[in-house]
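Data block below; observations after.
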Amino acid sequence: MHNSIAIAGIHTGIGKTIVSAVIAEALGAEYWKPVQAGIKERDADLLRVLLTNGEQRVHEEAVLLSQPLSPHTAAAADKVVIDYKQFMWPNTQNKLIVETAGGILSPMYNDCTMADFITHYKLPTLLVSLNYLGSINHTLMTIEVMKSRGIQLLGIIMNGLENESSESFITESSRVPILARIPFIKELNNEAVKRTALQLKPILSKLL
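Here the sequence shown is numbered in my numbering, starting from 24 and rising by one per residue.
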């Protein structure tokens with residue numbers, strides 16, 4: 024979709040939501056998570072707090088499921104059918120950060136994955152990675168999947184602590200650049216997000 028950037032991950036729980044907040048703040052973009060599984064801890068609610076003027080910049084989900092499970096399992100529990108081809112996209116002319124759920128091949132519904140969603144809408148994508156034992160494999164496999172699908176991969180955003188050896192291997196093997204690093208934010212609030220976004224704005228504004 025025009026002026027939209029997808030945020031994808033190599034795994035679940037690697038910080039896509041925080042990365043989305045920092046990038047949205049740096050670019051003055053709006054935020055949308057199409058499918059949210061779990062109503063008690065909605066990522067959209069967190070972004071409303073973390074972003075400056077978050078109430079005006081965060082859009083409601085296309086699908087909101089009650090249980091904090093994989094979306095296809097949560098959809099079955101709620102007796103909901105998810106058809107990403109029929110999503111009503113936010114009505115905005117601004118840049119839109121679109122956060123996916125889980126990893127790139129995590130199921131959105133019984134017959135589709137996050138990769139299918141990104142491919143269908145031809146979304147340029149940033150890949151969030153985190154250094155841990157096994158992350159080289161997860162990152163390179165994710166990149167291979169994205170390349171095989173023809174997804175426009177803008178680059179990698181590293182979340183958390185640096186590991187020069189791992190990161191060098193990833194970039195040299197994949198030929199995909201690491202665009203920026205978002206350090207661990209100890210006290211997560213709007214001020215911390217603004218400080219981090221300000222540091223990354225010169226880099227991100229040139230690349231996106």
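Glycine is no exception: its CB is placed at the ideal position from the N, C-alpha and C atoms.
Asked, Found
"On a Cα-Cα basis, can you pick out the residue from I41, R80 and S197 that is closest to L119?", "R80"
"Among the residues of its own chain, which have a CB less than 6 Å from the CB of I232, if the five just before and after it don't count?", "Residue numbering for the chain in the displayed model covers 24 to 231; residue 232 lies beyond these limits and cannot be assessed."
"What whole-angstrom Cβ distance do I174 and T148 have, given they're in contact under 8 Å?", "6 Å"
"Run through DSSP, which three-state label would E122 get?", "strand"
"With C-beta atoms as the reference, is L153 less than 9 Å away from L177?", "no"
"With three or more beta-carbon pairs closer than 8 Å as the criterion, would you say the segment 95-113 touches the segment 64-73?", "no"
"In three-state DSSP terms, what is Q222?", "helix"
"Below 9 Å between beta carbons: does that hold for T123 and F140?", "yes"
"Please state whether DSSP places V152 in a helix, a strand or coil.", "The residue asked about is misnamed: residue 152 is Ser in this sequence, not Val. Three-state result, S152: strand."
"Under DSSP, the alpha helix (DSSP H) around Q116 begins and ends at which residues?", "Where Q116 is concerned, there is no enclosing alpha helix (DSSP H), given that its DSSP letter is neither H nor E."
"Given a cut-off of 9 Å, decide if E48 and K209 are closer than it, judged by their beta-carbon atoms.", "no"
"Where does Q109 land, buried or exposed, given buried means 16+ other C-beta within 10 angstroms?", "exposed"
"Under a three-way DSSP split, which group does T136 fall into?", "strand"
"Excluding five sequence neighbours on each side, which residues of the same chain lie with their C-beta closer than 7 Å to the C-beta of S197?", "L163 and I166"
"Under a three-way DSSP split, which group does R65 fall into?", "coil"
"Can you check whether the C-beta of S152 is within less than 9 Å of a C-beta belonging to chain C?", "Among the chains in the structure shown there is no chain C, since it carries only a single protein chain."
"Take A215 and list the residues in its own chain whose beta-carbon comes closer than 7 Å to its own, dropping the five residues that flank it on each side.", "I208"
"Do I46 and L227 have their C-beta atoms closer together than 9 Å?", "yes"
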